[in-house]
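Beneath this line is the structure, given in structure tokens, with notes to follow.
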Amino acid sequence: MKGQELPTVLLESFASFVESMSMTMVNEVQEDVLRQATLSIEDFEQVGLELSWLKKRLEEAKKANKHAESLVYVDLCETALKVGRAKVRELEEGLVKAKAELEDCSTDLPNSLAVNDYLLLDVVARDEDLMEQIGRDKYFDLVDHNKVRSFRIKRQMPFNLFKEEVAKEFGIPVQFQRFWLWAKRLNNTYRPSRHLTPQQEARPVNAFDFSSFLVGHLREATDKVKVAELNLFLEVELGQGLRPIPPPVKSADDILLFFKLYDPLKEELRYFNIPFLGLVLHVLGLSSPPWLVSEAVLYVVSYVGRLYVKAGGMPVEILAKINRLAGFAPDEDIQLFEEIKYEPLMCEVVNKMVTFRDSELEDGDIICFQKSSQAECCGQFEHPDAPSFLDYVNYYQIKPEHYRKRRRLISSEPEPTERSRGTISGGSTMQTHSANAPAGKIRFLAYWVSSEASLLLERILNIHKDTYTNFSMKDENLQTVLLESFAAFIETMSTTKVYEVQEEVLRRATVSVKDFEQVGLELSWMKKRLETAKKVNKCTESRIYVDLCETALKVGRAKVRELEEGLVKAKAELEDWSTNLPNSLAANDYLLMDVV
1 MKGQELPTVL LESFASFVES MSMTMVNEVQ EDVLRQATLS IEDFEQVGLE
51 LSWLKKRLEE AKKANKHAES LVYVDLCETA LKVGRAKVRE LEEGLVKAKA
101 ELEDCSTDLP NSLAVNDYLL LDVVARDEDL MEQIGRDKYF DLVDHNKVRS
151 FRIKRQMPFN LFKEEVAKEF GIPVQFQRFW LWAKRLNNTY RPSRHLTPQQ
201 EARPVNAFDF SSFLVGHLRE ATDKVKVAEL NLFLEVELGQ GLRPIPPPVK
251 SADDILLFFK LYDPLKEELR YFNIPFLGLV LHVLGLSSPP WLVSEAVLYV
301 VSYVGRLYVK AGGMPVEILA KINRLAGFAP DEDIQLFEEI KYEPLMCEVV
351 NKMVTFRDSE LEDGDIICFQ KSSQAECCGQ FEHPDAPSFL DYVNYYQIKP
401 EHYRKRRRLI SSEPEPTERS RGTISGGSTM QTHSANAPAG KIRFLAYWVS
451 SEASLLLERI LNIHKDTYTN FSMKDENLQT VLLESFAAFI ETMSTTKVYE
501 VQEEVLRRAT VSVKDFEQVG LELSWMKKRL ETAKKVNKCT ESRIYVDLCE
551 TALKVGRAKV RELEEGLVKA KAELEDWSTN LPNSLAANDY LLMDVV
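Note that the sequence shown covers residues 1 to 596 in the UniProt record's numbering.
Below you can see the structure in the form of structure tokens.
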């Protein structure tokens with residue numbers, strides 16, 4: 001530089017730059033600092049300054065930093081590896097203890113409730129369950145899975161072997177069986193969703209993805225015991241002579257629909273068991289005599305069958321088939337309604353001139369139908385069409401306090417002249433009425449209870465004959481209340497799964513059993529079953545804990561292997577950076593120490 005002012009500025013800038021570098025620690029020379037320093041050196045070198053010594057020091061600082069980082073990383077890897085190995089040892093010890101506990105509880109586990117090694121399959125046999133339940137104790141959806149035939153099979157059993165069990169039970173050859181999985185929809189209805197393919201049926205039962213079609217409960221990993229129930233629908237096609245035939249080939253364009261028949265005429269007739277007297281009283285608007293009154297049971301909705309339809313087809317094209325299901329004339333004019341959901345109720349008219357696809361119908365949907373002539377007689381029937389009747393039923397089912405206000409029917413059963421009293425001595429129930437019997441009650445042994453309670457109490461009597469022997473309540477009203485409460489308690493327990501008998505449920509059930517024992521009911525069989533369920537749950541919890549420990553141990557060992565591999569790589573990198581590391585420079589030194 002030949003000018004006077006410019007060299008002065010440059011030299012002063014260079015001095016300032018060197019002073020800044022001399023105040024910089026080696027460990028501060030990261031990528032950004034190194035990049036800026038390199039650019040400044042290149043600028044100063046363009047005006048003739050010889051700065052190879054400074055570039056060398058920057059390179060040494062970079063190596064020193066890499067070496068320091070490698071040291072830190074090696075220390076971290078070694079620490080993590082120690083923690084990981086300690087955790088693995090802890091898991092190994094926990095697994096040994098868990099297996100010992102499982103072995104202890106499995107020794108006393110009753111075979112009758114061993115839910116650990118078994119999967120409970122609820123199977124709806126053909127259409128019998130639907131026909132049996134719909135219109136009797138179920139109006140919405142298709143079936144109550146607590147009331148169908150259950151099979152208890154080992155989890156590892158191939159599904160094809162399970163089909164052989166079904167064949168033995170129902171007499172339906174394996175080749176004529178087709179099973180459907182149920183699915184809970186967003187609107188809380190529960191319908192057949194998709195059928196199992198031959199490839200799926202060749203797998204073990206526990207290989208299915210249960211979470212896609214189980215009802216209700218959450219499917220966390222620790223809830224494996226709840227994956228103890230799988231609901232299936234068994235489709236069976238009948239040919240000539242009502243003999244099973246192979247199920248039809250189902251294409252993507254085929255839709256399986258279920259059909260219910262609504263007959264409002266039956267609703268009116270079933271209010272009266274004495275047709276003429278009942279009809280006269282009904283027409284005159286007179287109330288029934290109290291001695292003729294009992295609970296009404298309406299069988300006006302019935303399941304009549306199912307059909308495959310083409311998605312691109314229209315309902316008008318299959319009206320003759322639908323009429324055939326109900327035994328109507330082929331040309332009978334009928335109305336169709338889709339049962340969509342029941343909370344709140346949605347049952348909408350199906351346009352017979354619109355395709356099933358455009359009506360958004362899919363596998364498992366339910367069609368209610370009835371004669372058009374009945375639906376048009378609004379004045380003759382209280383509930384002239386299916387939607388109005390289902391709305392009526394839904395109202396009383398959703399609000400139990402109103403359920404007692406249902407219509408009553410006139411009973412034609414014989415009446416004893418007086419009500420007998422006394423203690424129970426055994427024997428079968430006597431379902432008779434008395435002039436002074438409580439309204440809606442029937443006879444169970446020496447006591448009056450509701451018809452629903454009587455059926456359950458009699459079932460208990462047939463199995464556990466000493467249950468009522470010492471029943472000591474003498475007040476008639478208390479007798480009825482206590483026995484009906486006991487029946488309700490048993491009904492609740494009968495629909496309780498073994499895995500649901502946790503501490504709170506067990507505590508409440510034990511308190512109830514003690515209360516019923518105080519009035520003379522003999523319930524040792526119930527206490528034994530509760531204790532058995534407790535043991536089963538304890539064993540199930542132990543099995544789940546063993547599974548969790550084994551899973552955690554696998555993860556822990558894999559993590560340890562990963563850390564060991566990472567430590568080897570980190571030590572190799574440290575060795576590389578240590579090879580050419582300048583001895584005179586450490587990460588905590590100033591960058592230009594011993595240079596400026």
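Using N, Cα and C, we set each Cβ at its ideal position, and we do this for glycine too.
As the structure is a computational prediction, the values presented were derived from the model and not from experiment.
Residue from the options with nearest C-alpha to residue i
| i | options | result |
| --- | --- | --- |
| residue 98 | 302, 545 and 16 | 545 |
| residue 369 | 254, 324, 62 and 25 | 324 |
| residue 482 | 313, 519, 508 and 463 | 519 |
| residue 489 | 452, 32 and 312 | 452 |
| residue 21 | 7, 49, 47 and 55 | 55 |
| residue 638 | 494, 61 and 523 | No statement about residue 638 is possible, as the shown extent of the chain runs from 1 to 596 and does not include it. |
| residue 187 | 342, 360 and 89 | 342 |
| residue 389 | 24, 90, 140 and 130 | 140 |
| residue 532 | 107, 17 and 66 | 107 |
| residue 198 | 470, 573 and 250 | 250 |
| residue 480 | 25, 166, 350 and 447 | 447 |
| residue 28 | 160, 391, 63 and 53 | 63 |
| residue 383 | 183, 566 and 301 | 301 |
| residue 322 | 361, 257 and 349 | 257 |
| residue 160 | 126, 201 and 455 | 201 |
| residue 573 | 24, 67 and 37 | 67 |
| residue 569 | 19, 15, 25 and 71 | 71 |
| residue 523 | 460, 576, 235 and 183 | 460 |
| residue 473 | 255, 517 and 36 | 517 |
heavy atom of the ligand FMN below 7 Å from residue i C-beta
| i | result |
| --- | --- |
| residue 308 | The ligand FMN is not part of the structure shown, which contains no ligands of any sort. |
Cβ-based neighbour list, residue i, same chain, cut-off 6 Å, excluding 5 preceding and 5 following
| i | result |
| --- | --- |
| residue 13 | none |
| residue 279 | Summary for residue 279: the model assigns pLDDT 46, below 50, so the residue's position carries little reliability, and this model does not support an answer. |
| residue 101 | 542 |
| residue 304 | 259, 261, 325 and 326 |
| residue 191 | 364 |
| residue 224 | Confidence at residue 224 is low in this model, with a pLDDT of 37, below 50, so its placement is unreliable and the value that follows should be read with caution. 544, listed in sequence order. |
| residue 253 | 310 and 311 |
| residue 394 | 342 and 345 |
| residue 214 | Low per-residue confidence applies at residue 214: pLDDT is 36, beneath 50, and the placement is therefore not dependable enough to give any value. |
Other residues of its chain near residue i: CB distance less than 7 Å, five sequence neighbours each side excluded
| i | result |
| --- | --- |
| residue 51 | 41, 44 and 45 |
| residue 534 | 501 and 506 |
| residue 386 | 262, 337, 347, 368 and 370 |
| residue 105 | 535, 538, 539 and 542 |
| residue 525 | 464 |
| residue 314 | 352, 353, 354 and 355 |
| residue 241 | none |
| residue 578 | 67 |
| residue 494 | none |
Integer Cβ distance of residue i from residue j, believed to fall under 8 Å
| i | j | result |
| --- | --- | --- |
| residue 176 | residue 196 | Contact doesn't hold; Cβ gap of about 14 Å is too wide. |
| residue 560 | residue 81 | 7 Å |
| residue 162 | residue 170 | Actually they do not touch by this definition, with Cβ atoms about 13 Å apart. |
| residue 484 | residue 449 | 5 Å |
| residue 165 | residue 153 | 7 Å |
| residue 487 | residue 521 | The pair is not a contact, with the Cβ atoms about 11 Å apart (cut-off 8 Å). |
For residue i, the first and last residue of its enclosing beta strand (DSSP E)
| i | result |
| --- | --- |
| residue 311 | Careful: residue 311 lies outside any beta strand (DSSP E) and carries neither H nor E. |
| residue 193 | 190 to 195 |
| residue 254 | 254 to 262 |
| residue 339 | 334 to 342 |
| residue 179 | 178 to 184 |
| residue 441 | 441 to 444 |
| residue 502 | No beta strand (DSSP E) contains residue 502, which DSSP labels as neither H nor E. |
| residue 41 | No beta strand (DSSP E) contains residue 41, which is instead part of the alpha helix (DSSP H) from 31 to 46. |
| residue 66 | Premise fails: residue 66 lies in the alpha helix (DSSP H), 52 to 107, not in any beta strand (DSSP E). |
Boundaries (first-last residue) of the alpha helix (DSSP H) holding residue i
| i | result |
| --- | --- |
| residue 460 | 451 to 463 |
| residue 349 | No alpha helix (DSSP H) holds residue 349; the beta strand (DSSP E) holding it covers 345 to 349. |
| residue 474 | Note, residue 474: premise wrong, no alpha helix (DSSP H); not H, not E. |
| residue 134 | Counting along the chain, residue 134 falls outside any alpha helix (DSSP H), and DSSP gives it neither H nor E. |
| residue 200 | 198 to 201 |
| residue 544 | 524 to 579 |
| residue 371 | Unbroken run through residue 371 is the beta strand (DSSP E), 366 to 371; no alpha helix (DSSP H). |
| residue 381 | From DSSP, residue 381 is part of no alpha helix (DSSP H); its letter is neither H nor E. |
| residue 162 | 159 to 170 |
Cβ neighbours of residue i in the same chain (closer than 8 Å, five flanking residues each side left out)
| i | result |
| --- | --- |
| residue 318 | 307 and 309 |
| residue 333 | 371, 372 and 373 |
| residue 553 | 88, 91, 92 and 95 |
Exercise. Contact between the segment 73 to 90 and the segment 503 to 517: three or more CB pairs below 8 Å?
Worked result: Not touching, per the Cβ criterion.
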